[in-house]
Amino acid sequence: MDCLFCAIINGDIPSNKVYEDDKILAFRDINPQAPVHVLVIPKTHIPSVDGINEENSSVIAHIFETIPKIAKSEGLTSGYRVVSNCGDHACQSVKHLHFHILGGSQMLDRMA
Ligand code: DGP
């Protein structure tokens, strides 16, 4: 399968890792949109939020258990935003489920 984030998981494409375990990987976004911009991905290929189901949802729980730890290690003591773009209307550009952690400065209260 031709998937950019699978290639990052496999080490075929380098990334700036901030967290890794047997189920998930977190690395810095190549085009940061905030002082801290980290992507958290499952190591299993799930195309988007739309692909989450009963069989694979335990990794999503694990991602959300780990996000606060990553936020703490990144010094995001004043809050942060977690975003997952799903599909064309949301401008999802990489079809491997990922959660953006954005923080490090005051954000606008508008979401879209
Ligand atoms: P989205 O638009 O939600 O699908 O976000 C995809 C993000 O992936 C986007 O913010 C840029 C990031 N990205 C794309 N290619 C690479 C890459 O090769 N390395 C890293 N670290 N990030 C990438």
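For the sequence shown, the numbering used here begins at -1 and goes up steadily by one.
For each residue, glycine too, the CB sits at the ideal point set by N, CA and C.
Terminal residues of the alpha helix (DSSP H) in which residue 57 lies
Translated into the one-based positions of the sequence shown, residue 57 becomes position 59. Its alpha helix (DSSP H) spans residues 55 to 71.
Please identify the residue among 21, 37, 86 and 108 whose C-alpha is closest to the C-alpha of residue 28.
Taking the first residue of the sequence shown as 1, we reach residue 28 at position 30. Considering only 21, 37, 86 and 108, the residue with the shortest C-alpha distance to residue 28 is 37.
Rounding to the nearest angstrom, what Cα-Cα distance links residue 51 and residue 71 in this structure?
Stepping through the sequence shown from its first residue, residue 51 is reached at position 53. Stepping through the sequence shown from its first residue, residue 71 is reached at position 73. Whole-angstrom Cα-Cα distance: 30 Å.
Hey, residue 68 and residue 40 are a contact pair by Cβ (cut 8 Å); roughly how many whole angstroms apart?
Residue mapping note: residue 68 aligns to position 70 of the sequence shown, counting from 1. Residue mapping note: residue 40 aligns to position 42 of the sequence shown, counting from 1. About 14 Å separates the two Cβ atoms, so there is no contact after all.
Compute the beta-carbon to beta-carbon distance between residue 99 and residue 80, rounded to the nearest angstrom, for a pair I have assumed lies under 8 Å.
Reading the sequence shown from its first residue, position 101 is the one you call residue 99. Reading the sequence shown from its first residue, position 82 is the one you call residue 80. Your pair residue 99 and residue 80 checks out as a contact, with CB atoms roughly 6 Å apart and the cut at 8 Å.
How close, in whole Å, do the beta carbons of residue 97 and residue 82 come, if the pair is a contact with beta carbons under 8 Å?
Sequence index remark: in the sequence shown, residue 97 carries index 99 (1-based). Sequence index remark: in the sequence shown, residue 82 carries index 84 (1-based). About 5 Å; that satisfies the 8 Å criterion.
With DSSP as the reference, label residue 6 as helix, strand or coil.
As a first step, residue 6 is located in the sequence shown; it is residue number 8 there, counting from the start. Reduced to three states, the DSSP call for residue 6 is helix.
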